[in-house]
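Trainee: This is the structure I have questions about; it appears just below.
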Amino acid sequence: MTSARTHCVLCGSQKVSPRYDVPGLSIWECADCRLVFNAISQQNEFDARSYYSADYYDERKDYYTAEDASQKSFREKVESFHVGLDLLEKYKPTRGRILDVGCGFGTFLIVAKERGWNISGIDISQHAASVASKRAGTNVLSGEMRDAGFCEKEFDAVSFNDAFEHFVDPNEQLQHTYRILKSDGVLFLNTPNQQSLLRLVADVIYRLSAGTITYPVRKLYHEFHLFYYSEDNLREILEKNGFETLEITRKTIPAIKARGTQLERLIVRFFSQLERLAHREFELLAVARKRE
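Here my numbering is used: the first residue of the sequence shown is 55, the next is one more, and so on.
Here you go:
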């Protein structure tokens with residue numbers, strides 16, 4: 055880890071060490087709080103903007119560009135966003151102004167608008183922001199929250215849909231979120247569950263094979279996800295940055311996110327059923343309120 059910070063962003067511990075070391079990917083873990091992270095997140099010269107070019111979205115066309123309601127992938131994506139909004143509106147039934155951070159091509163914004171929210175979006179990718187602006191019918195900003203010029207207490211809600219795990223500095227993102235939320239403002243996020251059954255199985259295979267069987271690990275951890283949170287990690291980082299955790303729930307991975315061969319998708323569907331039984335589903339959904 056040349057030219058890197060070697061401490062945990064959650065608890066500050068310097069007891070960090072490699073958990074998985076596979077070609078093209080180095081996943082580390084904090085010995086104190088057990089936060090798991092991608093070593094690239096510690097690189098001082100890491101440039102998030104260069105990572106999320108048009109190529110990033112072109113490689114994920116099935117997920118980002120599905121727009122036709124007749125497409126199964128589009129319906130699954132919309133259904134997933136409705137699940138998140140159901141949870142958010144449980145604690146913010148009056149709706150109001152919402153900012154979706156890392157909004158991609160704006161499908162969440164479209165769904166939120168249909169449900170009565172006054173929408174705003176921001177994405178680090180100029181390409182994504184341009185597409186989202188046209189699709190959602192609103193001015194989506196390109197850049198980072200710290201440079202966006204949002205006013206203090208401007209929003210009733212802020213959402214991170216499949217975005218929180220991408221942030222180089224999650225503490226900074228939460229601090230900006232705290233500032234722009236109203237006094238009774240609510241934060242919603244979803245993120246991969248480090249303690250999911252699929253990750254547990256991948257870990258067992260990796261360790262029993264003495265690190266020689268790496269395929270499951272490489273499928274579940276990749277360069278664009280910088281942090282992998284457990285429920286405890288998520289509560290800790292939210293409360294550390296001024297939020298009261300209202301609810302954390304779990305859900306299985308939507309089929310649209312299970313990229314791979316037909317066999318791999320079937321395996322994921324099978325494990326999704328087991329994850330429900332074990333209460334170790336693939337994703338965490340969290341709602342937190344600004345604490346003053």
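C-beta: ideal position from N, C-alpha, C; glycine also. From a predicted model like this one, the values you see are computed outputs, not experimental measurements.
On the criterion of 16 or more Cβ atoms from any shown chain inside 10 Å, does residue 147 qualify as buried, or is it exposed?
Mentor: Locating residue 147 in the sequence shown gives position 93, counting from the first residue. It is exposed - the Cβ of residue 147 has fewer than 16 other Cβ atoms within 10 Å.
Trainee: What is the DSSP secondary structure of residue 254, counted as helix, strand or coil?
Mentor: On the sequence shown, position 200 is the one that residue 254 refers to. Look at residue 254 here: in three-state DSSP terms it is helix.
Trainee: Is residue 335 helix, strand or coil by DSSP?
Mentor: Counting from one through the sequence shown, the residue named residue 335 turns up at place 281. In this structure, residue 335 counts as coil in the three-state DSSP scheme.
Trainee: Could you tell me whether the stretch 182-192 touches the stretch 206-218, using the rule of 3 or more Cβ pairs below 8 Å?
Mentor: Touching, no, given that fewer than three Cβ pairs across the two stretches are closer than 8 Å.
Trainee: Can you have a look at residue 348 and say buried or exposed, based on whether 16 or more other CB atoms are within 10 angstroms of its CB?
Mentor: Residue coverage of the chain in this structure runs from 55 to 346, which leaves residue 348 outside it and unanswerable.
Trainee: If you check the beta carbons only, do residue 231 and residue 241 fall under 7 Å apart?
Mentor: For the purposes of this step, residue 231 is taken as residue 177 along the sequence shown, with counting starting at 1. For the purposes of this step, residue 241 is taken as residue 187 along the sequence shown, with counting starting at 1. Cβ atoms of residue 231 and residue 241: closer than 7 Å.
Trainee: Could you check the C-alpha separation between residue 281 and residue 87 for me, to the nearest Å?
Mentor: As a position in the sequence shown, residue 281 is number 227, starting the count at 1. As a position in the sequence shown, residue 87 is number 33, starting the count at 1. The alpha-carbon separation between residue 281 and residue 87 amounts to approximately 13 Å.
Trainee: By the three-class DSSP mapping on this structure, what secondary structure does residue 330 have?
Mentor: Along the sequence shown, read from residue 1 onward, the residue named residue 330 stands at position 276. Reduced to three states, the DSSP call for residue 330 is helix.
Trainee: Could you tell me the boundaries of the beta strand (DSSP E) in which residue 215 lies?
Mentor: For the purposes of this step, residue 215 is taken as residue 161 along the sequence shown, with counting starting at 1. Taken as a continuous stretch (DSSP letters only), the beta strand (DSSP E) holding residue 215 covers 209-215.
Trainee: Taking 8 Å as the threshold, find out whether the stretch 249-257 comes into contact with the stretch 215-233 through three or more Cβ pairs.
Mentor: Judged by pairs of C-beta atoms under 8 Å, the stretch 249-257 does not touch the stretch 215-233, as fewer than three such pairs exist.
Trainee: Per DSSP, what kind of secondary structure is residue 134 in: helix, strand or coil?
Mentor: Stepping through the sequence shown from its first residue, residue 134 is reached at position 80. Of the three classes helix, strand and coil, the one that applies to residue 134 here is helix, per DSSP.
Trainee: Are residue 205 and residue 177 closer than 7 Å when you measure CB to CB?
Mentor: Here residue 205 refers to the residue found at position 151 when the sequence shown is read from its first residue. Here residue 177 refers to the residue found at position 123 when the sequence shown is read from its first residue. In this structure, residue 177 does not lie closer than 7 Å to residue 205 by Cβ.
Trainee: Could you give the residue range of the beta strand (DSSP E) that holds residue 74?
Mentor: Along the sequence shown, one-based indexing puts residue 74 at 20. Run containing residue 74: 70-76, per the beta strand (DSSP E) assignment.
Trainee: Just checking, does the stretch 295-306 make contact with the stretch 336-346 on the three C-beta pairs under 8 Å criterion?
Mentor: yes
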